[in-house]
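Asker: Going line by line, the protein sequences match chains A and B. So for the first sequence, this note's numbering puts the first residue at 1; every next one is plus one. So for the second sequence, this note's numbering puts the first residue at 1; every next one is plus one. For each residue, glycine too, the CB sits at the ideal point set by N, CA and C.
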Amino acid sequence: AQRVTQPEKLLSVFKGAPVELKCNYSYSGSPELFWYVQYSRQRLQLLLRHISRESIKGFTADLNKGETSFHLKKPFAQEEDSAMYYCALREYSTLTFGKGTMLLVSP
Amino acid sequence: DTAVSQTPKYLVTQMGNDKSIKCEQNLGHDTMYWYKQDSKKFLKIMFSYNNKELIINETVPNRFSPKSPDKAHLNLHINSLELGDSAVYFCASSQDRGQSFFGPGTRLTVL
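1) Are the region 65 to 79 of chain B and the region 24 to 44 of chain B touching, with three or more C-beta to C-beta distances below 8 Å?
2) Since Thr31/B meets chain A, which of its residues come closer than 7 Å, beta carbon to beta carbon?
3) Just how far apart, CA to CA, sit Lys22/B and Gly98/A?
4) Note down the Cα distance separating Gly103/B from Phe47/B, rounded to an integer number of angstroms.
5) Would you verify that the beta carbon of Gly29/A is, or is not, closer than 8 Å to some beta carbon of chain B?
6) In chain A, what lies closer than 7 Å to Gly103/B by C-beta?
7) With a threshold of 7 Å on Cβ separation, who are the neighbours of Leu108/B within its own chain once the five nearest residues in sequence on each side are excluded?
8) Quick check on this structure: which residue in Cys91/B, Asp38/B, Leu83/B and Ser5/B has the alpha carbon closest to the alpha carbon of Tyr49/B?
9) Any idea if Arg97/B is buried or exposed, counting beta-carbon neighbours within 10 angstroms, 16 or more meaning buried?
10) At the level of alpha carbons, what is the spacing between His71/A and Asn24/A?
11) Using a Cβ cut-off of 7 Å, pull out every chain B residue sitting near Leu46/A, in sequence order please.
12) Are the Cβ atoms of Lys109/A and Pro107/A separated by less than 8 Å?
13) What beta strand (DSSP E) runs, 3 residues minimum, are completely inside the region 62 to 106 of chain B?
14) Excluding five sequence neighbours on each side, which residues of the same chain lie with their C-beta closer than 7 Å to the C-beta of Ser82/A?
15) What beta strand (DSSP E) runs, 3 residues minimum, are completely inside the region 36 to 107 of chain A?
16) Taking the runs of the beta strand (DSSP E) that are 3 residues or longer, which of them lie wholly in the region 3 to 28 of chain A?
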């Protein structure tokens, strides 16, 4: 059963527009959730983790246990935000990734 | 000063060959991993090693075998390569409940 769902394969927005990348999860315990970003031909990098509750590069993500969601948001997208974004759930020590959402920000 | 490194960066080989990908981390982490990213960009865990012991093997064919000579290294050996093995393989490491750090990836192409 899929534990992490990212319903959008591709999200295309204009520079300055708000962005929301959706992530829903399925987990019986207390989830540990992350957002990773992969810029073109680069390694995956941690963007956010829900326990830190911080904003990185203008992105925020709030864990909503009632809706089992961990959506990634940014009020004003920039061209350099164009990348592949993965939501991930940690169980034991390993990460289960969603299928990823490609964000394209056009000028 | 690279945290997690992999070699080679690119690997092109014929079907049926045996190949290895090396991974090293200098972070002092106890746990290392191999992930596979396929052509659709799906990322899946293959193996997890904690203190030189395999703790997870996610239904990966036994042609794939991880080898950990020490805590800082986790190499991936692949026997009898098949076309479907073509992918990008990422090594990663973590410590306790900390974040996972990923290597740059190895792009394997099987012809």
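Answerer: The relevant details are as follows:
1) Counting C-beta pairs with one atom in each stretch, the region 65 to 79 of chain B and the region 24 to 44 of chain B have three or more that are closer than 8 Å, which means they touch.
2) What Thr31/B touches in chain A: Ser93.
3) So the two alpha carbons sit approximately 26 Å from each other.
4) Per the coordinates, the alpha-carbon of Gly103/B lies some 15 Å from the alpha-carbon of Phe47/B.
5) For Gly29/A, the answer is no, since every Cβ of chain B falls outside 8 Å of its Cβ.
6) Those are Arg43, listed as they occur along chain A.
7) Hits under 7 Å: Leu11, Asp85, Ser86, Ala87 and Tyr89.
8) Looking at Cys91/B, Asp38/B, Leu83/B and Ser5/B, the one whose alpha-carbon comes closest to that of Tyr49/B is Cys91/B.
9) Its Cβ having fewer than 16 others within 10 Å, Arg97/B is exposed.
10) Roughly 8 Å separates the two Cα atoms.
11) Within chain B, the residues near Leu46/A are Gln99.
12) The structure shown has nothing for residue 109/A, since chain A only spans 1 to 107.
13) Along the length of the region 62 to 106 of chain B, whole beta strand (DSSP E) runs at least 3 residues long occupy 64 to 70, 73 to 78 and 87 to 94, reported in chain order.
14) So the list reads Leu103, Leu104 and Val105, once near-sequence residues are dropped.
15) With a minimum length of 3 residues, the continuous beta strand (DSSP E) runs that stay inside the region 36 to 107 of chain A are 45 to 49, 72 to 74, 83 to 91, 94 to 97 and 101 to 106.
16) Runs found: 10 to 14 and 19 to 21.
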